[in-house]
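Numbering (my numbering), first residue to last: 365 to 1052.
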Ligand code: C2E
Ligand code: CA
Ligand code: CA
């Protein structure tokens, strides 16, 4: 069997592809040994039967030929007993194999040993025939015995193919003794002896080949099985691995989704999160209506810039926490960016409006509570824009857009309230957008022009100044009124360039017009946005230098919003600087904005222009405002100009109130210089 192991290795090497070596050599050898033994035991009965048949026929042949001896009969009895024992052994092996599918190596060794003993003993019994019987008989008996033995040897090459060494021993035991005996006995039969030897050699070779074929087929069988097993196992491993991988990927995906859908600072949903939530919600319940609340914190920039970004972050966290208390799991809270939060409410159409009211109230209540952060007590308010899906099927981005517009409208009309989106808002926004786009090209396309409206001295009737009023004839939109495009230009900072252009052009026009007396001033409207530019005063003086206009002829009209606390100091400095240059400062649209009456002394100004809305209505309230303004302005040594005068009555009443100068269609509409055609001059009550 040692030789077998060698063969295993040799065949194994030849057959096994090293790349897919599945079993170790020993494992494979063990399996092949077991199969060989199984086959050997399966062939056992055939070997025994052949033995018995050969033994009986030899004895019968001797008996018929009168050559039978007592020893031969005893021999047959021994053979029969051995055969019975071997049969019994074969049966026991069969039982053993039935009980154990996998034969232990110990059992393997034991049963192989028993089998070998059986074959060896049987072989030796036939050697006895060769050594004793053949010399004892003569002629034909001798020859026939040799044929029987040769026949058995031939059969053994197949039957004993599973056992290599023992098989060879058996063949030798059968053929070698008669071959030797035939050549050395008294009347030696060399031919028969040589024949036996040749036959033995052929049988040995045949047996060896049979064994090799058998062996190789078992090796292949186990290799294939091993391969299949291995593949199965690999599949199992892959399946297990895939399963855990799947779970891990799922978990990781969830984590990533959480990361992707949530705002890092506040932990509430971010933009993607809100969109994803909305899509999920719509899928799970198609019948719901939605309201989007766009919550924009008021003056958050002040906190952020004025205190610190860290405190700003704290405020955002605190606000989001408070908002989250107003929103349960059926709805969503998210941060849209910066200081903007979104609440998306989902409910039946009947419940939605009351729900919005409740949530807005709760949110305002929660957020308005003072926020205490590292020694600061902060009060945060917000403006809310609301958009409803109301039965239509708008996308979340549309809803958010509308709510954003509504919130922007709230901001424009004075912060802290709630505004619902409606269609006009969208149209307004669209118009704003196209105006913005057209404005960007207006300067380079030379679409601006200026009209001049005179300001008339109430006492002399002389034109003391012209107000420059910007005109825009857009190639895309046609004429656009300043009340529409100026605020947009201010939002987009385009006003800085446009304002400079206007100032330069107006100054030049006045300066270059020889018909205009040197005492007549030019009044330019200036936006806050321009004044807060770092080089505003420098820009103004450069315009004066470039156009050659005396600084005393320039008037800047600024609105009351300069008194807004935030920027007063900076604006006061700039205006002071300009004032020192001899430029006059007028407060425009006086009475409409900040209650600036009490603060007129904070900034050095020269005149106030009472807003035309008071002049035009001239009701009881308006009169109170106008009289109060005149009183206080005069106290501070300021002139009072009334604008928007359209009728003779208005003029007369304002004159009686003590206004210093007039402006309005009654005198002249804005137009090209010189507009000397002043109605009032021709009226009967004109000053002397
Ligand atoms: P504003 O400074 O209050 O200018 C007076 C506005 O009242 C002008 O409107 C003028 O045409 C109008 N107006 C004058 N008399 C009468 C009247 O008797 N009745 C009525 N109903 N209106 C009268 P306009 O030209 O449409 O300008 C509107 C606003 O646009 C200006 O109001 C001013 O705030 C702004 N604006 C105009 N040009 C400029 C500019 O160059 N720069 C800046 N920053 N703003 C400008
Ligand atoms: Ca003005
Ligand atoms: Ca005005």
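Even glycine gets a Cβ: it sits at the ideal position worked out from N, Cα and C.
Please read all numbers here as calculations on a predicted model, not as lab measurements.
Nearest in C-alpha terms to residue 836, of all of 856, 804, 430, 822, is 804. Under the three-state reduction of DSSP, residue 580 is assigned to helix. Contact annotation: the region 596 to 611 does not touch the region 550 to 570, with fewer than three C-beta pairs closer than 8 Å. Pairing residue 721 with residue 644, the inter-Cα distance amounts to about 25 Å. Taken from the Cβ of residue 879, every heavy atom of ligand 3 lies 8 Å or farther away. Between the alpha carbons of residue 433 and residue 406 lies a gap of roughly 34 Å. Remark: three or more beta-carbon pairs, one from each stretch, lie closer than 8 Å, so the region 935 to 951 and the region 962 to 977 are flagged as touching. Annotated as distal: residue 893 and residue 870, with beta-carbon spacing of 9 Å or more. Of all residues, those with a beta-carbon under 5 Å from at least one heavy atom of ligand 3 are 952, 953, reported in chain order.
Within the region 908 to 955, the complete beta strand (DSSP E) runs of at least 3 residues fall at 918 to 923, 948 to 954.
Here residue 667 is not near residue 774, since their CB atoms are 9 Å or more apart. For residue 552, no beta strand (DSSP E) run applies, since DSSP gives it neither H nor E. One alpha carbon belongs to residue 422, the other to residue 528, and they sit about 27 Å apart.
Counted as a single uninterrupted DSSP element, the alpha helix (DSSP H) harbouring residue 451 occupies residues 434 to 463. At least one heavy atom of ligand 1 sits closer than 8 Å to the Cβ of residue 815. Proximity to residue 1015 across 995, 1003, 984, 976 peaks at 976, based on C-alpha coordinates.
The three-state reading of DSSP puts residue 900 in helix, counting H, G and I together. Across the structure, residue 868 and residue 907 are spaced so that their CA atoms are roughly 6 Å apart. A distance criterion of 8 Å places the beta-carbon of residue 775 beyond contact range of ligand 2, judged by its closest non-hydrogen atom. Counting only runs of at least 4 residues, the region 616 to 691 fully encloses the following alpha helix (DSSP H) elements, listed from N- to C-terminal order: 635 to 648, 664 to 670, 673 to 688.
Residue 818: member of the beta strand (DSSP E) spanning 812 to 821, first to last residue. Of 700, 515, 1034, 571, the smallest CA-CA separation from residue 819 is found for 1034.
Ranking 535, 735, 510, 748 by CA distance to the CA of residue 520 puts 535 first. Not one heavy atom of ligand 1 sits closer than 8 Å to the Cβ of residue 978. Straight-line spacing of the CA atoms in residue 657 and residue 777 works out to 18 Å.
Sequence-distant Cβ neighbours of residue 586 in its own chain, meaning closer than 6 Å and more than five residues away, are 392, 395.
Counting C-beta pairs closer than 8 Å gives fewer than three between the region 433 to 450 and the region 467 to 475, which falls short of the contact rule. For residue 525, the secondary structure class from DSSP, reduced to helix, strand or coil, is coil. A check of alpha carbon separations from residue 513 across 577, 420, 729 identifies 420 as the nearest.
The distance from the Cβ of residue 696 to that of residue 764 is about 12 Å, inconsistent with a contact at the 8 Å cut-off.
In this structure, the C-beta of residue 924 stays at least 8 Å away from each heavy atom of ligand 2. For residue 734, there is no enclosing beta strand (DSSP E), since its DSSP letter is neither H nor E. Nearest in C-alpha terms to residue 489, of all of 985, 910, 539, is 539. Here residue 701 carries a strand assignment [DSSP, helix/strand/coil]. DSSP lists 812, 844 as the bridge partner or partners of residue 836.
Contact check for residue 532 and residue 561: beta-carbon distance about 15 Å, past the 8 Å limit, so the pair fails to qualify.
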